[in-house]
Amino acid sequence: MRGAIVWAFTGFQPEAPFQALGRDGALLTFGTASELAEAVRDGPLQAASSFLVRAKLRPVVLLQERPRGVLPEFAGLKLARFTKLNPRDQQRIRDGKERALLYLPHDERKYGLKQENAVDLNSLIRLHRSTLVTRPVGYLDEHELDVLGRRLAECLDIDLTPAIRQGVIERWEQLVAAQQQRRTPKP
Amino acid sequence: MHTRVVTANEVRIPEPGAGEVIVVERYGKPYAAVIDADMLELLKRLIAMFGEQPPAELSLSDVALQVHRNSEAGEDVEEFDFELLTTHPAA
Numbered sequence: 001m002r003g004a005i006v007w008a009f010t011g012f013q014p015e016a017p018f019q020a021l022g023r024d025g026a027l028l029t030f031g032t033a034s035e036l037a038e039a040v041r042d043g044p045l046q047a048a049s050s051f052l053v054r055a056k057l058r059p060v061v062l063l064q065e066r067p068r069g070v071l072p073e074f075a076g077l078k079l080a081r082f083t084k085l086n087p088r089d090q091q092r093i094r095d096g097k098e099r100a101l102l103y104l105p106h107d108e109r110k111y112g113l114k115q116e117n118a119v120d121l122n123s124l125i126r127l128h129r130s131t132l133v134t135r136p137v138g139y140l141d142e143h144e145l146d147v148l149g150r151r152l153a154e155c156l157d158i159d160l161t162p163a164i165r166q167g168v169i170e171r172w173e174q175l176v177a178a179q180q181q182r183r184t185p186k187p
Numbered sequence: 001m002h003t004r005v006v007t008a009n010e011v012r013i014p015e016p017g018a019g020e021v022i023v024v025e026r027y028g029k030p031y032a033a034v035i036d037a038d039m040l041e042l043l044k045r046l047i048a049m050f051g052e053q054p055p056a057e058l059s060l061s062d063v064a065l066q067v068h069r070n071s072e073a074g075e076d077v078e079e080f081d082f083e084l085l086t087t088h089p090a091a
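So the protein lines, in turn, are chains A and B. Position one of the first sequence corresponds to residue 1 (my numbering), numbered consecutively onward. Position one of the second sequence corresponds to residue 1 (my numbering), numbered consecutively onward.
Given below as structure tokens:
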């Protein structure tokens, strides 16, 4: 499923003002997260409450394989259109000049979508298997997944430097050791 | 990385082979290294790619931000083709 484009119901992020079902089933509104916590403390709300949030059926790209099927959730990124931008800005996306947006041209055979889209790298979500409405309608190719992974690490502020540095140092040490071994006179 | 260029006439160094690193040791420890031009380019690219990075939000463009906001609001999203319920039902 890595790189698969599927349609799924994605929930919007809960945000203030919050609406949640109280213990008695009534819909309660809270202006801030602190008020919510106070309602849990004081009793009107359960610790795990039902929030009223919107959800939308939309295309997403899945980022993970689940070969064992023991984890029912997938990490994914939302696909977005960009018709509301002016033509010049739209072209910037098509030209790959926007690092936070991976352009997917209109190619229904490859992506299974009827229009051009862009993967929004700032839209990381978790999707439960049961929210998937379709099986994959298309796939990103290996090159696109490679680009996506590198840019996603940037967007998530994941610092790959220590791991890369360690790899370079280890390779460097291997080269030096091999060179020294070649130069050491055999007894 | 600051690069100081000296001409080959000014120094005498061993000739580095392709992919070879010549380590100059002093008191039994690496002191300096000579690498070939291809490896220098690789080193520069690695530094450019993996040097200190500012938070990504600082470099988020207005274009990317507008697309993100529209998308998060549920606007400007491709409409679902209900035929897919028949042609591509979820397993």
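Even glycine gets a Cβ: it sits at the ideal position worked out from N, Cα and C.
Apart from the five residues on each side of it in sequence, which residues of its chain come closer than 6 Å, Cβ to Cβ, to residue i?
i	result
residue 80 of chain B	none
residue 34 of chain B	13, 16 and 22
residue 17 of chain A	29 and 31
Cutting at 8 Å between CB atoms, please list the residues of its own chain near residue i, excluding the five before and the five after it.
i	result
residue 1 of chain A	62, 64, 65, 66, 74 and 136
residue 7 of chain A	57, 58, 59, 60, 132, 133, 134 and 137
residue 160 of chain A	153
residue 18 of chain B	36 and 38
residue 173 of chain A	none
residue 25 of chain B	31
residue 79 of chain A	5, 58, 59, 60, 61, 104, 113, 117, 118, 119 and 120
In this structure, how does DSSP classify residue i when only helix, strand and coil are distinguished?
i	result
residue 25 of chain B	strand
residue 152 of chain A	helix
residue 32 of chain B	strand
residue 78 of chain A	strand
residue 162 of chain A	helix
residue 93 of chain A	helix
residue 120 of chain A	strand
residue 68 of chain B	helix
residue 110 of chain A	helix
residue 73 of chain A	strand
residue 19 of chain A	strand
residue 131 of chain A	helix
residue 126 of chain A	strand
residue 31 of chain A	coil
For my contact list, residue i and residue j are in at a C-beta cut-off of 8 Å; report their separation, rounded to the angstrom.
i	j	result
residue 59 of chain B	residue 123 of chain A	At roughly 17 Å, the Cβ-Cβ gap does not stay under 8 Å, so residue 59 of chain B and residue 123 of chain A are not in contact.
residue 3 of chain A	residue 111 of chain A	That belief does not hold up - the Cβ atoms of residue 3 of chain A and residue 111 of chain A are roughly 11 Å apart, past 8 Å.
residue 5 of chain A	residue 85 of chain A	About 22 Å; that fails the 8 Å criterion.
residue 76 of chain B	residue 83 of chain A	6 Å
residue 164 of chain A	residue 46 of chain B	7 Å
Spatial neighbours of residue i within its chain, please: CB distance less than 7 Å, with the 5 preceding and 5 following residues excluded, ordered by chain position.
i	result
residue 76 of chain A	60, 61, 62, 63, 125 and 127
residue 94 of chain A	103
For the ligand PLP, is there any heavy atom lying closer than 7 Å to the beta carbon of residue i?
i	result
residue 72 of chain B	With respect to small molecules bound, the structure shown includes none, and the ligand PLP cannot be examined in it.
*Are three or more beta carbon pairs between the stretch 63-81 of chain B and the stretch 48-61 of chain A nearer than 8 Å?*
The answer is yes - the stretch 48-61 of chain A touches the stretch 63-81 of chain B, with three or more Cβ pairs under 8 Å.
_Does the stretch 63-71 of chain B come into contact with the stretch 86-103 of chain A, if we say contact requires no fewer than three beta-carbon pairs (one atom in each stretch) closer than 8 Å?_
The stretch 86-103 of chain A and the stretch 63-71 of chain B touch, with three or more beta-carbon pairs separated by less than 8 Å.
*At a Cβ cut of 7 Å, what residues of the stretch 120-136 of chain A count as close to chain B, listed as they run along the chain?*
Listed by position along the chain: 120, 122, 123, 132, 133, 134 and 135.
*Got a sec: which bits of the stretch 69-90 of chain B sit with their beta carbon under 9 Å from any beta carbon on chain A, in order along the chain?*
Of all residues in the stretch 69-90 of chain B, only 70, 71, 72, 73, 74, 75, 76, 77, 78, 79, 80, 81, 84, 85, 87, 88, 89 and 90 come within less than 9 Å of chain A when Cβ atoms are compared, listed by chain position.
*Is there contact between the stretch 32-42 of chain A and the stretch 154-167 of chain A, where contact requires at least three CB pairs shorter than 8 Å?*
Here the stretch 32-42 of chain A makes no contact with the stretch 154-167 of chain A; the two share fewer than three CB pairs at distances below 8 Å.
*Output, in sequence order along the chain, the residues in the stretch 57-73 of chain A whose CB is closer than 8 Å to any CB in chain B.*
The residues in question are 57, 58 and 59.
*Using Cβ-Cβ distances below 9 Å, what residues of the stretch 91-120 of chain A are close to chain B?*
Listed by position along the chain: 92, 93, 97, 98, 99, 100, 101, 112, 113, 114, 115, 117, 118 and 120.
*Residues in the stretch 168-180 of chain A with C-beta within 9 Å of chain B's C-beta atoms, listed in sequence order?*
Residues of the stretch 168-180 of chain A whose Cβ lies closer than 9 Å to any Cβ of chain B, in chain order: 168, 172, 175, 176, 179 and 180.
*Is there contact between the stretch 10-23 of chain A and the stretch 46-54 of chain A, where contact requires at least three CB pairs shorter than 8 Å?*
Of all C-beta pairs linking the stretch 10-23 of chain A to the stretch 46-54 of chain A, three or more are shorter than 8 Å, placing the two stretches in contact.
*Using a beta-carbon distance cut-off of less than 8 Å, what residues from the stretch 151-168 of chain A approach chain B?*
Listed in sequence order: 154, 155, 156, 157, 159, 160, 161, 164, 165 and 168.
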